[in-house]
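Enquirer: Take this structure first; my questions come after.
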Amino acid sequence: MERLTESVKALVSSYEDYGLINHFNGPNLPSRESIEGILADLDAILFPGFRENELPDEESLQLTIAERVYRTARKLANEIEKSLSFSCRTNNFNCEGIGCRTMAELIVEDFFSQLPEMRRVLSLDVAAAYRGDPAAKSIEEVVVAYPGLQAIAVHRLAHYFWVREVPLIPRMMSEIIHGRTGIDIHPGATIGESFFIDHGTGVVIGETTVIGKNVKIYQGVTLGALSVKKDEADKKRHPTIEDDVTIYSGAT
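In structure tokens:
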């Protein structure tokens with residue numbers, strides 16, 4: 007074990023040599039572990055009764071949801087504050103003179119005000135999956151078992167923060183669910199109502215993709231783009247899919 011001392015010295019030296027992949031200075035970055043916990047909390051809020059060991063009764067529902075919302079809001083505000091502080095330091099975000107904490111809290115308050123509408127849209131996604139897959143035996147099966155629904159639910163959360171230019175967190179959310187489902191949806195993609203991904207493994211949906219209503223895609227579909235220069239990243243470079251379209255497996 008004596009060689010470990012030399013290994014430690016070499017590692018510390020590498021931090022100086024390859025500082026691009028260190029983060030010692032400036033504010034803390036959002037925690038992946040915290041974002042995973044926030045996604046779990048939001049999932050329980052969006053789909054109440056599907057994730058708990060014990061179902062909330064009607065009398066305690068208001069109190070149960072209030073506790074979840076306030077707890078999740080605090081955690082989310084903390085992580086957004088870290089993101090904004092990082093971006094303010096790199097001059098990519100302007101908190102409009104009110105401070106990163108206040109801006110984070112305003113974003114969180116607006117986010118939770120959008121969740122009822124998000125539930126409406128997700129209910130249409132669930133219905134589309136049940137309607138579009140003959141193998142689906144029930145709505146409950148779709149909610150508890152379908153990876154495509156999990157991916158689109160997280161995408162709709164991440165897209166909210168992407169549109170509001172919250173740094174880091176939207177990509178963290180999308181990559182967490184990508185790792186779990188094999189479905190890679192960039193948080194910048196715009197996706198309409200009643201969207202269904204069947205099977206899902208290997209699906210890729212790029213940043214500037216626009217998808218209309220009542221669209222169904224199968225596993226292995228890539229809505230990608232040709233390689234472009236870095237300074238052209240803001241240009242539209244991914245497909246637009248109109249309403250009522252089905253894209254079958256392996257299409258690019």
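The number in my numbering is simply the position in the sequence shown, starting from 1, with 6 added. Where is the CB? At the ideal position from N, CA and C, for every residue including glycine.
Go to N84, then tell me how far its alpha helix (DSSP H) extends in each direction, as first and last residue.
Expert: Here the alpha helix (DSSP H) through N84 covers 67-95.
Enquirer: Would you call the stretch 28-46 and the stretch 58-68 touching, i.e. three or more CB-CB distances under 8 Å?
Expert: Too few Cβ pairs lie closer than 8 Å, so no.
Enquirer: Measuring alpha carbon to alpha carbon, tell me which of H184, A257, K235, I197 ends up nearest Y166.
Expert: Ranking the options by Cα distance to Y166, first place goes to I197.
Enquirer: Would DSSP call V172 helix, strand or coil?
Expert: Three-state DSSP puts V172 in coil, outside helix and strand.
Enquirer: Out of curiosity, what's the CA-to-CA distance linking F30 and P173?
Expert: Each residue's Cα considered, the two are about 19 Å apart.
Enquirer: Using DSSP with H/G/I as helix, E/B as strand and the rest coil, what is K241?
Expert: If DSSP states are grouped into helix, strand and coil, K241 belongs with coil.
Enquirer: Please say whether L90 and L163 have beta carbons closer to each other than 9 Å?
Expert: No, Cβ-Cβ distance for L163 and L90 is not below 9 Å.
Enquirer: For R38, tell me which candidate among E85, L10, L61 has the shortest Cα-Cα distance.
Expert: The shortest C-alpha separation from R38 is found at E85.
Enquirer: So, using beta-carbon positions, are G188 and V209 closer together than 9 Å?
Expert: In contact: G188 and V209 (Cβ atoms closer than 9 Å).
Enquirer: Rounded to whole angstroms, what's the CA-CA distance from R186 to E22? Just pull it up for me.
Expert: So the alpha carbons of these two residues sit roughly 34 Å apart.
Enquirer: Pick helix, strand or coil for F118, following the three-state DSSP scheme.
Expert: If DSSP states are grouped into helix, strand and coil, F118 belongs with the helices.
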